[in-house]
Amino acid sequence: MSDIVKIARQFIEAIPHSRALGMVLEDLGEGRAIISMPYDLRFVGDPATGVLHGGAVSALMDTASGAAVMCHPAAPVSTATLDLRIDYMRSATPGQRIVARAECYHVTRSVAFVRVTACDEDDSLPVATATGAFTLDRPQ
Amino acid sequence: MKRPEPVQQVKDRRDAALRALVDGIPYVHYLGIRFDRRGDELTAVLPFDDKLIGNPGLPALHGGVTAAFLEVAAIIELAWASQWEGMESGAPQTHLPKTIDFTVDFLRTGLPRDAYARARVVRSGRRYASVHVEAWQDNHARLYAQGTGHFLMPAALGEPAE
Chain E
1 MSDIVKIARQ FIEAIPHSRA LGMVLEDLGE GRAIISMPYD LRFVGDPATG VLHGGAVSAL
61 MDTASGAAVM CHPAAPVSTA TLDLRIDYMR SATPGQRIVA RAECYHVTRS VAFVRVTACD
121 EDDSLPVATA TGAFTLDRPQ
Chain B
141 MKRPEPVQQV KDRRDAALRA LVDGIPYVHY LGIRFDRRGD ELTAVLPFDD KLIGNPGLPA
201 LHGGVTAAFL EVAAIIELAW ASQWEGMESG APQTHLPKTI DFTVDFLRTG LPRDAYARAR
261 VVRSGRRYAS VHVEAWQDNH ARLYAQGTGH FLMPAALGEP AE
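Chains E and B are the protein sequences, given in the same order.
The opening residue of the first sequence carries number 1 in the working numbering; numbering runs sequentially from there.
The opening residue of the second sequence carries number 141 in the working numbering; numbering runs sequentially from there.
Listed below in structure tokens is the structure:
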């Protein structure tokens, strides 16, 4: 495992809120991150349908985006979200875990640009997509 | 002339309608979000908790927590504002709008303290609504995040288009 990926993995796995939501780092490297979140009744947004709250999906996509930034070859030491725009395509199917795939597709000296897609078990139509801009703290 | 409704009865009705809207949402309960009500004005409150941290080094609130907090504040305000007339005439609705998109602008680091948010329904039509929301911590004038979202109104809530 490269040092960049190792540092990124430590950064992600130390996030209390991500651990609280049960997020699992599935894959990481070269500005890409895949993170999953299990279905959990505590994260439901609409009790009538059992559909997960959009906010929980947003938290997952934000975490995956930050992870993608952290493992970019620019080797940032830290990152924070500047802005995130989330589009909700459809309700997540109750009972299914959500997988977010994020790609940091461009970085400048101090900003990283990311896009991310969240799917349940049906990969053909995403539950949500998001694009974001993140701060990029480079090593001194 | 009809006597005015006793004030406690009015408060009880409105508080019950707000509870019916908020208390059934597991994720709102999980994050610990509650709503303060003054007349029809709602303030969402997110008490600080260790599980909300995103960067343990600083420490700072998780960006996803802030995004979720703003989205919750926006949805509840929209549902609340839309059902107000129905509630006052004794027929509250608890159908929630669905988020189409939501944009969050992270203005400052979320500190390990309580956060507050107020949302404003900018446009509410029969099918779609646009809501703006602002969040702060210690000082209302120093916002730490703001957001704008578009929502699909449930059939029962949307008002006729003008």
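Don't be surprised by glycine CBs; every beta carbon is placed ideally from N, CA and C.
For E:Val-57, the enclosing alpha helix (DSSP H) begins and ends at 54 to 70. Taking the beta carbon of E:Pro-126 as reference, no residue of chain B falls within 7 angstroms; the closest one sits roughly 13 angstroms away. For the region 41 to 64 of chain E, residues whose beta-carbon sits nearer than 8 angstroms to a beta-carbon of chain B comprise Leu-41, Arg-42, Phe-43, Val-44, Gly-45, Asp-46, Pro-47, Leu-52, His-53, Gly-54, Gly-55, Ala-56, Ser-58, Ala-59, Leu-60, Met-61, Asp-62 and Thr-63. Closest in alpha carbon position to B:Glu-217, among B:Asp-190, B:Ala-281 and B:Ser-270, is B:Ser-270. Nearest Cα to E:Cys-71 within the set E:Thr-131, E:Gln-140, E:Ile-12 and E:Ala-133: E:Ile-12. B:Thr-243 is positioned such that its CB atom lies no closer than 8 angstroms to that of B:Ala-200. Residue environment for B:Gly-230: exposed (fewer than 16 other C-beta atoms within 10 angstroms of its C-beta).
Pairing E:Val-77 with B:Glu-211, the inter-Cα distance amounts to about 29 angstroms.
Taking C-beta separations shorter than 8 angstroms and ignoring five residues to either side along the sequence, the partners of B:Arg-253 in its chain run Phe-188, Gln-277 and Asp-278, following chain order.
With a contact defined as Cβ atoms closer than 8 angstroms, E:Leu-136 and E:Ser-110 qualify at about 5 angstroms.
Identification of chain E residues near B:Tyr-170 by a Cβ-Cβ cut-off of 7 angstroms yields Arg-42 and Phe-43, ordered along the chain. Take B:Ala-255, set aside five residues on each side of it, and the residues of its chain with a beta-carbon closer than 8 angstroms to its own are Val-185, Leu-186, Phe-188, Leu-201, Thr-206, Phe-209, Ala-275, Trp-276, Gln-277 and Tyr-284, in chain order.
In terms of beta-carbon proximity, B:His-202 lines the interface with chain E, with at least one pair separated by less than 8 angstroms.
For E:Pro-94, the closest C-alpha among the options E:Gly-22, E:Cys-119 and E:Thr-49 is that of E:Thr-49. The three-state secondary structure of B:Gln-277, taken from DSSP, is coil. DSSP lists B:Arg-260 and B:Thr-288 as the beta-bridge partner residues of B:His-272. Short of 6 angstroms from the beta carbon of E:Thr-117, and not among the five residues preceding or following it, lie these beta carbons of its own chain, in chain order: Arg-101, Pro-126 and Thr-129.
A Cβ-Cβ distance of about 21 angstroms is found for the pair E:Ala-56 and E:Leu-82, leaving them out of contact under the 8 angstroms criterion. Around E:Glu-121, the same chain offers Thr-93, Gln-96 and Arg-97 as residues with beta carbons nearer than 8 angstroms, after the five sequence neighbours per side are excluded.
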